[in-house]
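In the order they appear, the protein sequences are chains A and B. Take 373 as the starting number for the first sequence in this note's numbering and just add one per residue. Take 445 as the starting number for the second sequence in this note's numbering and just add one per residue.
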Amino acid sequence: MSILETISKRIEEKPIPSMVAFQILKVIEDENHSLKQVVKLVENDASLTTEVLKVANSATYFRGMPVNTVNRAVLVLGEMMVVGVAICASSSIVFNSALDGYESPEGDMWEHSLRAAIASREIAKYTKNKVPPGLGFTSGLLHDIGKSVLSEFLIGSTQSLTEACEERKVHDFLEAERQAVGTDHAEVGCQLAEKWGLPIALKTAIKYHHAPSKADAKHIALAYTVHLGDLIAMLGGSGTGVDALAYKIDNNYENYIKIDKDEFSVILLKVQEDFEIIKESLLT
Amino acid sequence: MNIVYVGVGDYATSKNPKEIVKTLALGSCVAIVVLDPVNRAIGLLHVALPESSINKKRALEKPGMFADTGINTLLEEMKKAGYQMGGRLIVKLAGGASIMDPNNTFNIGKRNILAVRKCLWHYKLGAVSEDIGGTISRSVSVNLKTGKVILSSPGRGDWEL
Numbered sequence: 373m374s375i376l377e378t379i380s381k382r383i384e385e386k387p388i389p390s391m392v393a394f395q396i397l398k399v400i401e402d403e404n405h406s407l408k409q410v411v412k413l414v415e416n417d418a419s420l421t422t423e424v425l426k427v428a429n430s431a432t433y434f435r436g437m438p439v440n441t442v443n444r445a446v447l448v449l450g451e452m453m454v455v456g457v458a459i460c461a462s463s464s465i466v467f468n469s470a471l472d473g474y475e476s477p478e479g480d481m482w483e484h485s486l487r488a489a490i491a492s493r494e495i496a497k498y499t500k501n502k503v504p505p506g507l508g509f510t511s512g513l514l515h516d517i518g519k520s521v522l523s524e525f526l527i528g529s530t531q532s533l534t535e536a537c538e539e540r541k542v543h544d545f546l547e548a549e550r551q552a553v554g555t556d557h558a559e560v561g562c563q564l565a566e567k568w569g570l571p572i573a574l575k576t577a578i579k580y581h582h583a584p585s586k587a588d589a590k591h592i593a594l595a596y597t598v599h600l601g602d603l604i605a606m607l608g609g610s611g612t613g614v615d616a617l618a619y620k621i622d623n624n625y626e627n628y629i630k631i632d633k634d635e636f637s638v639i640l641l642k643v644q645e646d647f648e649i650i651k652e653s654l655l656t
Numbered sequence: 445m446n447i448v449y450v451g452v453g454d455y456a457t458s459k460n461p462k463e464i465v466k467t468l469a470l471g472s473c474v475a476i477v478v479l480d481p482v483n484r485a486i487g488l489l490h491v492a493l494p495e496s497s498i499n500k501k502r503a504l505e506k507p508g509m510f511a512d513t514g515i516n517t518l519l520e521e522m523k524k525a526g527y528q529m530g531g532r533l534i535v536k537l538a539g540g541a542s543i544m545d546p547n548n549t550f551n552i553g554k555r556n557i558l559a560v561r562k563c564l565w566h567y568k569l570g571a572v573s574e575d576i577g578g579t580i581s582r583s584v585s586v587n588l589k590t591g592k593v594i595l596s597s598p599g600r601g602d603w604e605l
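Shown next as structure tokens:
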């Protein structure tokens with residue numbers, strides 16, 4: 373069996389995360405959704421209800437009164453946090469595993485994805501054609517899922533991939549991946565998203581987060597949003613191992629996103645603050 | 445050995461020879477290591493941004509987040525702890541990495557380095573060694589017993605600063 377066939381097999385074998393997480397993502401992507409829709413989805417899932425209540429009553433969020441209902445918990449946490457809890461609780465195999473091929477320990481993938489999600493949500497607010505911040509968050513959260521499949525195929529060649537990047541023999545780490553195994557984590561992520569039945573917007577953002585100019589006109593602003601969100605997470609020190617910072621920025625983002633240096637600094641700070649809050653809540 | 449972790453925007457001082465002070469995954473952030481050879485003490489600060497003017501409230505809550513307020517706070521802490529001050533301190537810098545950005549638009553790493561140097565200069569301090577810039581994310585570890593500052597990065601092993 374060729375490497376590409378084995379990769380396809382691994383994609384097929386990856387368990388699908390709980391549907392409730394994706395249902396919530398789908399609901400909040402619609403700007404006109406109501407809080408009730410999110411609450412109902414959480415209430416229908418007993419384990420997610422338990423997790424959400426646990427976080428809402430954690431030290432970070434506790435405000436003197438115990439939170440006993442999902443309605444109150446969603447208000448306290450905010451929808452994005454609820455999505456974070458749902459994804460974290462239901463797809464730990466994707467987000468919490470170590471990525472050995474990237475020399476990335478357990479937990480790095482989760483941290484990088486969450487930081488990229490927060491950054492993409494903030495970048496979305498600066499897009500000229502108003503990418504919904506919720507869609508930015510979701511796309512940022514899922515942009516690197518392909519690494520959970522590709523990682524095992526890079527074991528043994530990590531060092532040469534890193535050197536190829538440092539010696540500028542390749543455009544970026546994505547090209548190094550393609551040279552090593554014939555595909556890259558963005559492409560594999562898109563195939564995984566296809567298997568999970570994710571909507572076209574998310575599949576496009578995942579596929580083109582390192583090459584946003586190739587996205588179709590309808591989703592190009594979203595692809596640039598995640599492109600910058602990912603880079604912001606990496607600049608903040610949160611990558612997934614050897615490939616952190618080994619990517620090029622596509623400066624054509626200026627056609628879709630209007631942001632200056634100070635606003636960029638504010639986002640870096642916001643990502644750090646929001647991440648600390650979420651992390652503390654999940655670990656309490 | 446006891447390991448003390450310094451988070452983003454945090455700092456630590458120590459003269460306990462049984463301690464190792466670490467800060468992880470700097471990215472574009474900068475670690476400022478201040479060594480006091482007389483007292484065999486150190487200070488380590490992990491700054492994320494150059495100037496506190498973008499969020500003064502945050503600078504009051506967490507001065508270590510910014511180069512200008514962070515360096516001032518670290519040196520004041522070291523002074524309070526009775527460590528020596530002035531030109532005999534040894535300063536080392538690490539971090540300030542960037543992504544590959546042909547237009548330098550997002551070169552926050554470079555801005556951080558420049559701000560850190562400027563603030564250190566205000567105290568008549570300059571770094572004796574630096575491992576800065578590039579496209580690698582570094583972690584820093586300072587061993588109080590040996591005084592050695594060790595850097596590491598995924599896929600690149602460890603090396604001394």
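Virtual Cβ for every residue (Gly too), placed ideally from N, Cα, C.
Notebook entry, point to check: Between the beta-carbon of V560(A) and the beta-carbon of G518(A), is there less than 7 Å?
Noted result: yes
Next item on the list: Starting from V542(A), trace the beta strand (DSSP E) both ways and give me its first and last residue.
Entry: From DSSP, V542(A) is part of no beta strand (DSSP E); its letter is neither H nor E.
Next item on the list: Say whether chain A places a C-beta atom closer than 7 Å to the C-beta of T517(B).
Entry: no
Note to self: Three or more C-beta pairs under 8 Å: does that hold for the segment 526-533 of chain A against the segment 503-513 of chain A?
What the structure shows: no
Margin query: Any beta carbon from chain C within less than 7 Å of D545(B)'s own beta carbon?
Written below: No chain C is part of this structure, whose protein chains are labelled A and B.
Check: Between which two residues does the alpha helix (DSSP H) containing S511(A) stretch?
Finding: 505-514
Check: Around the C-beta of V572(B), are 16 or more other C-beta atoms found within 10 angstroms, so that it is buried, or is it exposed?
Finding: exposed
Margin query: So if I threshold CB-CB distances at 7 Å, which residues from the segment 567-587 of chain B count as touching chain A?
Written below: T579, I580, S581
Check: For a contact meaning CB atoms closer than 8 Å, what does T530(A) contact in chain B?
Finding: Residues of chain B passing the Cβ test: G599.
Next item on the list: Enumerate in chain order the residues of its own chain whose CB-to-CB distance from E524(A) is below 8 Å, with the five nearest sequence positions on each side excluded.
Entry: R382, D472, G473
Item checked: Backbone CA spacing between S496(B) and I515(B) [nearest angstrom] -> 12 Å
Notebook entry, point to check: Got a sec: is the Cβ-Cβ distance from L470(B) to anything in chain A below 7 Å?
Noted result: yes
Margin query: According to DSSP, A485(B) sits in a beta bridge with which residue or residues?
Written below: D480(B)
Note to self: Buried or exposed for V482(B), going by 16 or more other Cβ atoms inside 10 Å?
What the structure shows: exposed
Check: Under the DSSP definition of a beta bridge, which residues are partnered with I534(B)?
Finding: DSSP output for I534(B) lists L479(B) as bridge partner(s).
Note to self: Please classify P387(A) as buried or exposed, where buried requires at least 16 neighbouring CB atoms within 10 angstroms.
What the structure shows: exposed
Check: Is it a yes or a no for the segment 533-553 of chain A touching the segment 391-402 of chain A, going by three-plus beta-carbon pairs under 8 Å?
Finding: no
Next item on the list: For A566(B), name the three-state secondary structure that DSSP assigns.
Entry: For clarity, residue 566(B) is His in the given sequence; the question names Ala instead. Note: H566(B) maps to helix in three-state DSSP.
Note to self: Residues of chain B with CB closer than 7 Å to the CB of E475(A), please, in chain order.
What the structure shows: P598, G599
Checklist line | Chain-ordered chain B contacts of N623(A) [CB-CB under 8 Å] | finding: The contacting residues are D545, P546, N547, T549.
Item checked: Beta-carbon contacts of R502(B) that lie in its chain and below 7 Å, excluding the five residues immediately before and after -> M509
Item checked: Nearest neighbour of L468(B), chosen from S476(A), Y580(A), D417(A), S492(A) [CA to CA] -> The shortest C-alpha separation from L468(B) is found at S476(A).
Item checked: Reference E645(A), options S469(A), V614(A), S419(A), E494(A), closest by Cα -> E494(A)
Notebook entry, point to check: Can you name the residues that DSSP bridges to T467(B)?
Noted result: DSSP, once it has assigned bridges, lists V584(B) as partnering T467(B).
Check: Whose C-alpha, out of A492(B), I447(B), S581(B), is nearest the C-alpha of N460(B)?
Finding: I447(B)
Margin query: So, for S585(A): in the same chain, excluding its five sequence neighbours on each side, which residues have a beta-carbon less than 7 Å away from its beta-carbon?
Written below: Excluding positions up to five away in sequence, the list reads D622, N624.
Check: Quick one: complete alpha helix (DSSP H) runs, 4+ long, within the segment 526-612 of chain A?
Finding: 530-538, 545-553, 557-568, 572-579, 592-607, all fully within the segment 526-612 of chain A.
Next item on the list: Compare the Cα-Cα distances from M522(B) to each of A559(B), G539(B), R561(B), V478(B) and report the closest residue.
Entry: V478(B)
Note to self: Whole angstroms are fine: how far does the CA of P438(A) sit from the CA of S537(A)?
What the structure shows: What sits at residue 537(A) in the sequence shown is Cys, not Ser. Near 52 Å, if we compare the C-alpha coordinates of P438(A) and C537(A).
Check: H490(B) bridges to which residues according to DSSP?
Finding: Beta-bridge pairing links H490(B) to A475(B).
Margin query: On the criterion of 16 or more Cβ atoms from any shown chain inside 10 Å, does M373(A) qualify as buried, or is it exposed?
Written below: exposed
Next item on the list: Compare the C-beta of A503(B) against all C-beta atoms of chain A and say whether one is closer than 7 Å.
Entry: no
Margin query: Can you check which of these residues, H591(A), S390(A), V427(A), is closest to A445(A) by C-alpha distance?
Written below: The residue with the shortest Cα to Cα distance from A445(A) is V427(A).
Margin query: Cβ closer than 8 Å: which chain B residues qualify as neighbours of T534(A)?
Written below: G599, R600
Next item on the list: Using a Cβ-Cβ cut-off of 7 Å, state whether C473(B) counts as contacting chain A.
Entry: yes
Notebook entry, point to check: From A431(A) to A589(A), what distance separates their C-alpha atoms?
Noted result: So the alpha carbons of these two residues sit roughly 44 Å apart.
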